[in-house]
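Novice: Sequential numbering of the sequence shown, starting at 1, is according to UniProt numbering.
For glycine and all other residues, C-beta sits at the position ideal for the given N, C-alpha and C.
Source: prediction; values computed, not measured.
Sending over a structure as structure tokens; questions will come in a sec.
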Amino acid sequence: MKGLEEIKANIKFFFCDKGGKKLNNVHITLKNYVSEKVGLHFVDNSVQCSIEACRIGLYLKHHKKITSENVKDLKHIDHSYYVVIVPDEEHKGLYYTGLDNEVDEMKGFFPLVPCPYHNWVGTAFLTQYKVRESIINNGQLIKDNEDSNILIPAFRISSEPYFQNHFVCGKLLQIDHDPVDIGFKIDLIDPSGLKEKIKNKAKHKITLHGNEIKCDGNKINTKTSFGFLDKEYILNSKESLMTYFNEKFEFYHGQLILEYDEVTNIQQQKYFLSLFKQDSEIVKHSPKCYGYIDDLKQTFEFTFRIDKKDILDVTIMKDDKNNEVPVVYLNDYYKEKGKISVECYVVKSGDKDKNFNGYYNKAYKTKLQRVVQQELKHNDQPEVNELIISSENDKLFGIYICQLECNGCNKNDYVKDRNILLLPSTLFNVSSDIKVYSDSKNYLSCRLNIDKFGQLKSMSIIYKGKSKIEYDAIRNTPEDVFKKNDTSVEYVGNKYEMADLTYVTCSYTAFGKPYILQTKVMHYNELRSQSDDVGNKILVPIIISVGVGVFIIIGIILLITFRIIKRRKKVKLLSMASSASDASSMSGSRFSKLSRSSMASQSRSKFSSSRSGSRAKSSMSLSNTDKRKNNRPKTRSKVSGFAG
């Protein structure tokens with residue numbers, strides 16, 4: 001069947017041969033998806049696809065009689081027919097029409113519709129109808145209808161334009177074909193700003209009286225009532241939500257309450273009779289009363305919810321200053337699980353009306369943190385989502401804080417921040433290994449208080465596997481081997497008798513009930529080798545001294561080496577300077593010789609020219625010349641040696 005989109009009430013089809021003659025022995029195998037029973041449906045006249053039931057799928061024609069016993073015997077099949085609904089580009093689904101309604105001038109105001117349900121198709125093979133998840137168990141089942149329909153108000157699922165006039169109940173799944181949306185085509189009211197519209201009309205008044213909800217003073221029938229939540233009030237959701245109250249109410253922040261008239265058996269029969277008439281409209285069912293609950297601010301408080309299901313009770317205890325302390329006890333069932341999820345959960349305070357559990361949890365996120373110091377205004381501890389329950393986890397119990405996270409709102413107007421003390425319902429054992437060194441102090445001790453509310457009741461020391469020394473914190477006895485100060489109690493007896501695996505136990509109570517038994521196991525491996533410790537104390541300074549000495553020696557060697565290198569450079573420079581000086585001196589001597597030779601030539605010339613002078617003077621000159629001649633060979637010899 002192609003090109004189908006809008007159906008006013010019913011589709012009929014027949015099985016005929018080529019001559020137009022009706023075929024016999026044609027049947028479809030049906031399966032009840034609730035009871036899982038299998039049965040046969042034979043084609044007597046026509047096959048129908050209406051809101052009440054749509055018998056499409058695999059049909060078989062046999063030339064022998066078929067019963068539910070031999071239905072699996074496929075040997076005698078003449079023909080098989082696979083009836084499908086095929087959408088095209090224009091028609092994406094199959095939608096029933098005729099539901100237009102208007103309530104108090106509000107068009108498309110949540111009409112009650114009979115959505116196809118689990119057994120609407122019911123065929124056992126190849127074709128199946130899948131109900132939309134949010135509709136399952138979320139409406140009023142029609143009696144004597146074999147789970148083929150469920151009554152639920154039609155609403156705008158999301159803000160997408162397609163859903164402005166299409167309400168989807170489920171999908172038709174067929175072999176080798178795309179899924180087909182099944183639902184109703186109707187103009188649906190826009191939920192944005194709906195709260196203000198309804199308040200301005202002031203048609204009805206919803207009030208809370210104890211555990212009863214009343215509309216215009218009359219008690220609301222939960223079996224015909226629903227609650228609508230726009231996606232604006234659902235955290236991280238793209239779709240709105242309709243909730244069927246049934247036997248109980250479940251109220252949430254921003255929820256619109258819708259009450260309808262009860263559909264009796266007779267009305268249901270008339271209802272479905274109208275569906276088989278092509279010219280009729282589907283019976284309209286509009287809400288007779290609707291509205292929002294009056295302001296419920298400051299009537300809620302926090303507690304813990306475990307594993308998304310178990311809501312823990314809060315017990316109010318009194319501390320030493322008579323202040324109220326909210327306490328949640330974790331029982332042994334959870335302690336045995338080892339790991340549990342935990343979250344802050346909103347409940348109604350005072351009368352503890354369970355209908356309001358989680359009132360703000362759909363609209364807002366909650367945050368859980370451990371409190372280390374209550375005096376701090378800012379808590380920088382990581383957010384807690386789970387608890388690891390182990391004897392090694394001594395940070396499990398204590399004070400936690402619950403907060404509501406809502407942007408742009410005064411969260412304390414809805415539910416105030418709350419500190420909650422988490423305690424075990426029975427004595428909880430924790431243990432730890434303590435390494436004791438030679439300089440360790442106060443290791444054989446117990447704190448007087450833990451987690452602010454845990455008080456030391458008793459202390460004991462077990463050593464050498466048998467000896468046990470006990471201390472009574474209430475009586476402060478015995479005082480000779482235990483010393484008590486403002487914060488702790490310490491064993492001051494003979495510590496030299498202690499050995500490996502000495503046990504120190506600290507037993508605490510909270511509000512007069514057993515709280516925690518801390519067991520600290522001492523390891524004296526470092527203490528036992530005291531000679532090694534002394535040796536280490538002597539050896540360390542020696543090593544340091546030797547190291548310093550080595551550095552000094554290296555420094556001296558480097559200094560001497562530097563000086564030697566410097567001295568060698570100096571000697572080399574002096575040698576080069578001396579050579580240069582000698583060369584200069586030799587050049588000067590040669591220059592002197594040449595000068596003296598020149599002067600001697602000049603003297604001889606003068607001597608020759610003046611030879612005609614007086615004899616006396618010549619004699620004196622000759623005498624002087626002889627003297628110079630006696631000295632001249634030495635000079636010539638020296639110069640000759642340099643020149644040669």
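Since alanine 510 sits in a beta bridge, which residues does DSSP pair it with?
Specialist: Partner(s): Lys513.
Novice: Inspect the beta-carbon positions of serine 431 and glutamate 392 and report whether they are closer than 8 Å.
Specialist: Their beta carbons are under 8 Å apart, which means serine 431 touches glutamate 392 by this criterion.
Novice: Drop a sphere of 10 angstroms on the beta-carbon of glutamate 160, count the other beta-carbons inside from all chains shown, and report buried for 16 or more, exposed for fewer.
Specialist: The residue is exposed, with fewer than 16 neighbouring Cβ atoms inside 10 Å.
Novice: Let me confirm a value: threonine 315 is counted as buried when at least 16 other C-beta atoms fall within 10 Å, else exposed. Which label applies?
Specialist: Result: exposed.
Novice: Hey, how far is the Cα of lysine 362 from the Cα of isoleucine 311?
Specialist: Approximately 16 Å, taken between the alpha carbons.
Novice: Name, in chain order, the residues that DSSP records as bridge partners for arginine 305.
Specialist: Paired residue(s): Ile311 and Glu343.
Novice: Classify glycine 547 as helix, strand or coil using the three-state DSSP reduction.
Specialist: DSSP places glycine 547 in helix when its eight states are reduced to three.
Novice: If you draw a straight line from the C-alpha of lysine 21 to the C-alpha of tyrosine 252, how long is it?
Specialist: Whole-angstrom Cα-Cα distance: 60 Å.
Novice: Counting beta carbon pairs with one atom in the segment 320 to 331 and one in the segment 208 to 225, are three or more of them shorter than 8 Å?
Specialist: No contact exists between the segment 208 to 225 and the segment 320 to 331.
Novice: Taking buried to mean at least 16 other C-beta atoms within 10 Å of its own C-beta, is glycine 62 buried or exposed?
Specialist: Residue identity differs from the one stated: residue 62 is histidine in this sequence, not glycine. Answer is buried; the Cβ neighbour count reaches 16.
Novice: Report the rounded CA-to-CA distance for lysine 201 versus isoleucine 257, giving the unit in angstroms.
Specialist: Spanning the two alpha carbons is a distance of roughly 15 Å.
Novice: Since I believe isoleucine 189 is in contact with glycine 108 (beta carbons under 8 Å), could you give me their beta-carbon distance rounded to a whole number of angstroms?
Specialist: Sure, about 5 Å apart at Cβ, within 8 Å.
Novice: So, using beta-carbon positions, are leucine 141 and proline 114 closer together than 8 Å?
Specialist: Result no, Cβ atoms of leucine 141 and proline 114 do not sit closer than 8 Å.
Novice: Would you mind working out which of Phe163, Glu386, Ile461 and Leu172 sits nearest leucine 126, comparing C-alpha positions?
Specialist: The shortest C-alpha separation from leucine 126 is found at Leu172.
Novice: Short of 8 Å in beta carbon distance, which residues of its chain neighbour methionine 522, apart from the five on each side in sequence? Order them along the chain.
Specialist: Excluding residues within five positions, the ones whose Cβ falls inside 8 Å are Ile434, Val436, Tyr443, Leu444, Met498, Asp500, Leu501, Thr502, Tyr503 and Val504.
Novice: From cysteine 402 to serine 134, what does the alpha carbon distance come to, in whole angstroms?
Specialist: Each residue's alpha carbon lies about 30 Å from the other.
Novice: Could you tell me the distance, in whole angstroms, from the CA atom of threonine 207 to the CA atom of glutamate 324?
Specialist: Their backbone Cα atoms lie some 32 Å apart in a straight line.
Novice: Count the CB pairs spanning the segment 232 to 241 and the segment 335 to 350 that are closer than 8 Å, and state whether there are at least three.
Specialist: No, because fewer than three Cβ pairs between the segment 232 to 241 and the segment 335 to 350 fall closer than 8 Å, the two stretches do not touch.
Novice: For lysine 219, does the three-state DSSP call read helix, strand or coil?
Specialist: Strand at lysine 219.
Novice: Measure the Cβ-Cβ separation of valine 131 and glycine 57 and say whether it is below 8 Å.
Specialist: No, these two residues do not count as a Cβ contact at 8 Å.
Novice: Would you mind giving the Cβ-Cβ distance between isoleucine 198 and tyrosine 290, rounded to the nearest angstrom? I have them listed as a contact below 8 Å.
Specialist: The pair is a contact, with the Cβ atoms about 7 Å apart (cut-off 8 Å).
Novice: Are threonine 299 and serine 349 touching if we call contact CB-CB under 8 Å?
Specialist: Contact: yes.
Novice: State yes or no: is the C-beta of glycine 170 within less than 8 Å of the C-beta of glycine 93?
Specialist: Going by C-beta atoms, glycine 170 is not nearer than 8 Å to glycine 93.
Novice: Give the secondary structure of threonine 519 by DSSP, where H, G and I count as helix, E and B as strand, and everything else as coil.
Specialist: Residue state, collapsed to three classes: strand.
Novice: Go ahead and pull the three-state DSSP assignment for phenylalanine 245.
Specialist: Here phenylalanine 245 sits in coil by DSSP.
Novice: Identify every run of the alpha helix (DSSP H) within the segment 337 to 422, keeping only runs that are complete inside it and at least 4 residues long; order them along the chain.
Specialist: Taking only runs of at least 4 residues, the alpha helix (DSSP H) segments lying wholly in the segment 337 to 422 are 411 to 414.
Novice: Applying the 10 Å Cβ sphere with the 16-neighbour rule, what's the burial state of glutamine 373?
Specialist: Burial call: exposed.
Novice: With a threshold of 8 Å between beta carbons, is aspartate 439 in contact with chain C?
Specialist: Protein chains in the displayed structure number just one, and chain C is not present.
Novice: Would you identify the three-state DSSP class for phenylalanine 562, choosing helix, strand or coil?
Specialist: If DSSP states are grouped into helix, strand and coil, phenylalanine 562 belongs with the helices.
Novice: Can you say whether threonine 123 is buried or exposed, counting buried as having 16 or more other CB atoms within 10 angstroms of its CB?
Specialist: Buried is the call here.
Novice: Please identify the residue among Lys411, Tyr162, Asp451 and His166 whose C-alpha is closest to the C-alpha of residue 652.
Specialist: Since the displayed the chain opens at 1 and closes at 644, residue 652 lies outside it and no answer follows.
Novice: Is cysteine 169 near the ligand SAH - that is, is its Cβ less than 7 Å away from at least one heavy atom of it?
Specialist: With respect to the ligand SAH, the structure offers nothing, as it holds no ligand at all.
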